[in-house]
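For the protein sequence lines, the chains are A and B, in the order given.
The opening residue of the first sequence carries number 1 in this note's numbering; numbering runs sequentially from there.
The opening residue of the second sequence carries number 1 in this note's numbering; numbering runs sequentially from there.
Heads up, the beta-carbon is just placed ideally off N, CA and C, and yes, glycines get one too.
Predicted model, so just to flag it, every value in this text is computed and none were measured.
In what follows, a single structure is set out as structure tokens and then discussed.
2 protein chains.
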Amino acid sequence: MVQSLERAFAILGEVARRPAGVTAIAERVRLPKSTVARLLATLEDVDAVERFDGAHWRIGPGVAALNAAVSPERNLIVAARPHLADLVGELHEDAGLGLPDGNEIRYVDQVESDNPVQVREWTGTRAPMHAVPSGLVLLAEWPDDALDAYLGGELAALTRRTVTDPARLRARLHEVCEAGYAWGLEEFAEGIDSVAAPIRDARGNAVAAIHVHGPAYRFPPDGGEPRITARVVEAAAAAGRDLEERELPRA
Amino acid sequence: MVQSLERAFAILGEVARRPAGVTAIAERVRLPKSTVARLLATLEDVDAVERFDGAHWRIGPGVAALNAAVSPERNLIVAARPHLADLVGELHEDAGLGLPDGNEIRYVDQVESDNPVQVREWTGTRAPMHAVPSGLVLLAEWPDDALDAYLGGELAALTRRTVTDPARLRARLHEVCEAGYAWGLEEFAEGIDSVAAPIRDARGNAVAAIHVHGPAYRFPPDGGEPRITARVVEAAAAAGRDLEERELPRA
DNA sequence: CGCGTTGTTCCGTATTGTGGAACAGTGCTG
DNA sequence: CAGCACTGTTCCACAATACGGAACAACGCG
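What follows is the structure in structure tokens.
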């Protein structure tokens, strides 16, 4: 064991409990003042603590950064990113990552193709679950009561082609659930088609969706649906495996 | 600077970026394998990393614990707790802490008096803003558009005495805003009275509320309102000062 | 102004952290 | 099945790094 490291973490624990100056912290961890000052200076250097009020110490941004690096959302983004990039490299259309957020899908990442005629950037935006493939693959696995509540609410029609009839949606979701993917043809926005598949966590729950979208005039190419579908499903499964490796302790 | 500490944090950063075994991590930080193994063993000892899949390392629960110790909600709970305890010690009634959560107040902490005839525990529950003093002191400082939207919605009457008339509420909120506290007499639940004052953060925003509540038959005692009010207002202000000391960087 | 307290810095030294090497364990291939 | 490559674990001699007492500056209070 490395003593200085253990001492530093004891200091970190006390600082987190109650920010203070060097002398008080030293008393609380029962170490000499100069030792504590030196360790605090080093902890400051690595952003684990920061100064306030002249010479008082509190936890610094480095701890939040370490924690954020393994947060569930960031885990998903990091796990999915290389697979989004692979999809774009092969299919030459944009690929994105969506998370469920209440009754909506929120887009949290996107990799763009180098095609000059593109669809706009969606990251940061939201869409109703029923109107986009990413939403459909997640809705397909909602418990009955939650799905009933959703379908009993207002179902926005974003284009002429958005499916808003609850009965038709139920039947569709049943197919989506069995197939493990969903296509949407100009249902969210005129001129945009897309296909999505769910990312599953270690317990098999659908926790996010990977999708590929493109302008309707060229996507999907004639006869291209099966191949594109397969690739998206594979990419989502691979992202799920990567996600498993990254996940925080369940305890 | 303490070299071993800096090395340990370099390792932590890499582990957070991508969990791995000793050899890969050592390559990434460009240190000898045995040094990295020793530092990882120590980081494991302090819960900063943990093992998975036999001999792979990832960030451990200690980082989340450090981070949680300084989260905004926990900051509030920790800052307010001693003041809740003081209030209970003096007034011999329960004191609680409420946070705004959308259109509701959510109770996140409570200290109980030792009086044998008590009001039930509210921690973890929610209440509509307009029906409880804690909500009123927060509503009183909402921007006009948000307040308009709230008052234009459904205002639940929880008892005969709950004020649900928007005009009466507006006038009341004006008084609450000027006074800096609010009393509620059997408006949330029959037989329960309470008084609340806002906790303000470093910028002067009302971010939470401290309240004291008791059975209506004995609280407030005759003539006791002014003194109780003053104590609650003081406690909330003191909690705000403590909160300031604990707050995370704004960056 | 004197005093007590906190924060900062320095320096000699010994203790603690180091890193190369040995070895156990594992998986893959011919 | 044996050999090989690779990873993870442990040990030990030693020197580099971490240590802590002491000096001193700064600050607030009576």
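DSSP-derived helix/strand/coil call for residue i
{"i": "aspartate 101(B)", "result": "strand"}
{"i": "phenylalanine 266(A)", "result": "Limits of chain A in this structure are 1 at one end and 251 at the other, which puts residue 266(A) out of reach."}
{"i": "histidine 174(A)", "result": "helix"}
{"i": "aspartate 94(A)", "result": "strand"}
{"i": "glycine 13(B)", "result": "helix"}
{"i": "tyrosine 107(A)", "result": "strand"}
{"i": "valine 212(A)", "result": "strand"}
{"i": "glycine 89(A)", "result": "helix"}
{"i": "asparagine 72(B)", "result": "The question names asparagine, yet the displayed sequence has proline at residue 72(B). In the structure shown, proline 72(B) sits in a helix (DSSP, three-state: H, G or I)."}
{"i": "alanine 26(A)", "result": "helix"}
{"i": "arginine 203(B)", "result": "coil"}
{"i": "glutamate 225(A)", "result": "helix"}
{"i": "alanine 189(B)", "result": "coil"}
{"i": "glycine 62(A)", "result": "helix"}
{"i": "glycine 184(B)", "result": "strand"}
{"i": "arginine 246(B)", "result": "helix"}
{"i": "alanine 195(A)", "result": "The amino acid occupying residue 195(A) in the given sequence is valine; alanine does not appear at that position. Three-state DSSP puts valine 195(A) in a strand."}
{"i": "glycine 21(B)", "result": "strand"}
{"i": "proline 220(B)", "result": "coil"}
{"i": "proline 133(B)", "result": "helix"}
{"i": "valine 32(A)", "result": "In the sequence as presented, valine is not what sits at residue 32(A); that position holds proline. In the structure shown, proline 32(A) sits in coil (DSSP, three-state: anything other than H, G, I, E or B)."}
{"i": "arginine 126(B)", "result": "strand"}
{"i": "alanine 251(B)", "result": "Bear in mind that a pLDDT of 28 at alanine 251(B), under 50, signals an unreliable position, so the number given afterwards is only what the model happens to contain. In this structure, alanine 251(B) counts as coil in the three-state DSSP scheme."}
Member of the options whose CA lies at the smallest distance from the CA of residue i
{"i": "leucine 43(B)", "options": "Arg218(A), Thr125(A) and Gln3(A)", "result": "Gln3(A)"}
{"i": "tyrosine 181(A)", "options": "Ile105(A), Ala140(A), Ala64(A) and Ile11(A)", "result": "Ala140(A)"}
{"i": "asparagine 115(B)", "options": "Tyr107(B), Met129(B), Leu91(B) and Gly124(B)", "result": "Leu91(B)"}
{"i": "serine 134(A)", "options": "Ala37(A), Ser194(A) and Ala80(A)", "result": "Ser194(A)"}
{"i": "arginine 74(B)", "options": "Arg17(A), Glu27(A) and Leu99(A)", "result": "Arg17(A)"}
{"i": "alanine 79(A)", "options": "Gly21(A), Asp201(A) and Asp53(A)", "result": "Asp201(A)"}
{"i": "leucine 158(B)", "options": "Phe219(B), Glu187(B) and Ala209(B)", "result": "Glu187(B)"}
{"i": "valine 119(B)", "options": "His83(B), Asp94(B), Tyr107(B) and Thr229(B)", "result": "Asp94(B)"}
{"i": "arginine 161(A)", "options": "Ala131(A), Val22(A) and Ile210(A)", "result": "Ala131(A)"}
{"i": "leucine 173(B)", "options": "Ala197(B), Ala156(B) and Ala238(B)", "result": "Ala197(B)"}
{"i": "aspartate 53(A)", "options": "Leu243(A), Pro19(A) and Gly214(A)", "result": "Pro19(A)"}
{"i": "leucine 138(A)", "options": "Ala209(A), Thr125(A) and Ile192(A)", "result": "Ala209(A)"}
{"i": "glycine 98(B)", "options": "Asp86(B), Leu76(B) and Arg38(B)", "result": "Leu76(B)"}
{"i": "leucine 147(A)", "options": "Val163(A), Arg126(A) and Leu169(A)", "result": "Leu169(A)"}
{"i": "isoleucine 228(A)", "options": "Asp86(A), Trp142(A) and Val163(A)", "result": "Asp86(A)"}
{"i": "alanine 55(A)", "options": "Ser71(A), Ala37(A), Pro61(A) and Ala65(A)", "result": "Ala37(A)"}
{"i": "alanine 10(A)", "options": "Leu66(B), Arg51(B) and His213(B)", "result": "Leu66(B)"}
{"i": "valine 70(A)", "options": "Arg241(B), Leu243(B) and Gly13(B)", "result": "Gly13(B)"}
{"i": "aspartate 242(A)", "options": "Thr125(A), Trp183(A), Ile199(A) and Asp145(A)", "result": "Ile199(A)"}
{"i": "alanine 237(A)", "options": "His213(A), Tyr217(A) and Arg203(A)", "result": "Arg203(A)"}
{"i": "tyrosine 217(B)", "options": "Cys177(B), Glu178(B) and Val117(B)", "result": "Val117(B)"}
{"i": "glycine 153(B)", "options": "Val176(B), Val111(B), Met129(B) and Ala171(B)", "result": "Met129(B)"}
{"i": "methionine 1(B)", "options": "Thr23(A), Ala41(A), Ala156(A) and Ile25(A)", "result": "Ala41(A)"}
{"i": "glutamate 112(B)", "options": "Arg126(B), Arg81(B) and Trp142(B)", "result": "Arg81(B)"}
Neighbour list for residue i in chain B, Cβ cutoff strictly below 8 Å
{"i": "threonine 42(A)", "result": "Met1, Val2, Leu5 and Glu6"}
{"i": "alanine 24(A)", "result": "Under the 8 Å cutoff, chain B gives no residues; its nearest Cβ is about 13 Å from alanine 24(A)."}
{"i": "aspartate 45(A)", "result": "Met1 and Glu6"}
{"i": "leucine 12(A)", "result": "Leu66"}
Per-residue contacts from residue i into chain B (C-beta, under 7 Å)
{"i": "arginine 126(A)", "result": "Those do not exist, as arginine 126(A) stays about 17 Å from chain B at its closest Cβ, beyond 7 Å."}
{"i": "valine 49(A)", "result": "By Cβ distance, chain B contributes nothing, its closest Cβ being about 10 Å from valine 49(A), past 7 Å."}
{"i": "asparagine 67(A)", "result": "Val63, Ala64 and Asn67"}
{"i": "alanine 16(A)", "result": "Leu66, Ala69 and Val70"}
{"i": "glutamate 141(A)", "result": "Ordered by position in chain B, no residue passes the 7 Å Cβ test against glutamate 141(A), which lies about 26 Å from the chain."}
{"i": "glutamate 245(A)", "result": "Pro19"}
{"i": "isoleucine 77(A)", "result": "Neighbours of isoleucine 77(A) on chain B: none; closest Cβ ~13 Å, over 7 Å."}
{"i": "isoleucine 228(A)", "result": "Residues of chain B passing the Cβ test: none, with the nearest at roughly 29 Å."}
Listed by chain order, chain A residues near residue i by CB distance under 8 Å
{"i": "isoleucine 210(B)", "result": "Near isoleucine 210(B) there are no residues of chain A at all, since even the closest Cβ is about 20 Å away, more than 8 Å."}
{"i": "phenylalanine 9(B)", "result": "Val46, Ala48 and Gly62"}
Residues that residue i contacts on chain A, provided the C-beta gap is smaller than 7 Å
{"i": "aspartate 165(B)", "result": "Under the 7 Å cutoff, chain A gives no residues; its nearest Cβ is about 29 Å from aspartate 165(B)."}
{"i": "isoleucine 192(B)", "result": "None at all; the shortest Cβ gap to chain A is about 32 Å."}
{"i": "arginine 38(B)", "result": "Val2"}
Chain-ordered chain B contacts of residue i [CB-CB under 9 Å]
{"i": "glutamate 73(A)", "result": "None at all; the shortest Cβ gap to chain B is about 14 Å."}
Nearest-angstrom beta carbon gap, residue j and residue i [assumed within contact, 8 Å]
{"i": "leucine 58(B)", "j": "valine 49(B)", "result": "Here the sequence assigns arginine to residue 58(B), which means leucine is not the residue at that position. Confirmed, Cβ separation roughly 7 Å."}
{"i": "valine 63(A)", "j": "valine 15(B)", "result": "Valine 63(A) to valine 15(B), Cβ: 14 Å. No contact."}
{"i": "proline 166(B)", "j": "leucine 151(B)", "result": "4 Å"}
{"i": "aspartate 109(B)", "j": "leucine 84(B)", "result": "7 Å"}
{"i": "proline 226(B)", "j": "glycine 191(B)", "result": "About 23 Å; that fails the 8 Å criterion."}
{"i": "glycine 124(B)", "j": "tyrosine 107(B)", "result": "7 Å"}
Checklist entry - Does the segment 217-237 of chain B touch the segment 3-15 of chain A, meaning 3 or more C-beta pairs lie closer than 8 Å? => result no
Checklist entry - Are at least three pairs of beta-carbons, each pair with one atom in the segment 218-227 of chain B and one in the segment 98-112 of chain B, less than 8 Å apart? => result no
Next on the checklist: With three or more beta-carbon pairs closer than 8 Å as the criterion, would you say the segment 24-42 of chain A touches the segment 28-45 of chain B?
Outcome noted: no
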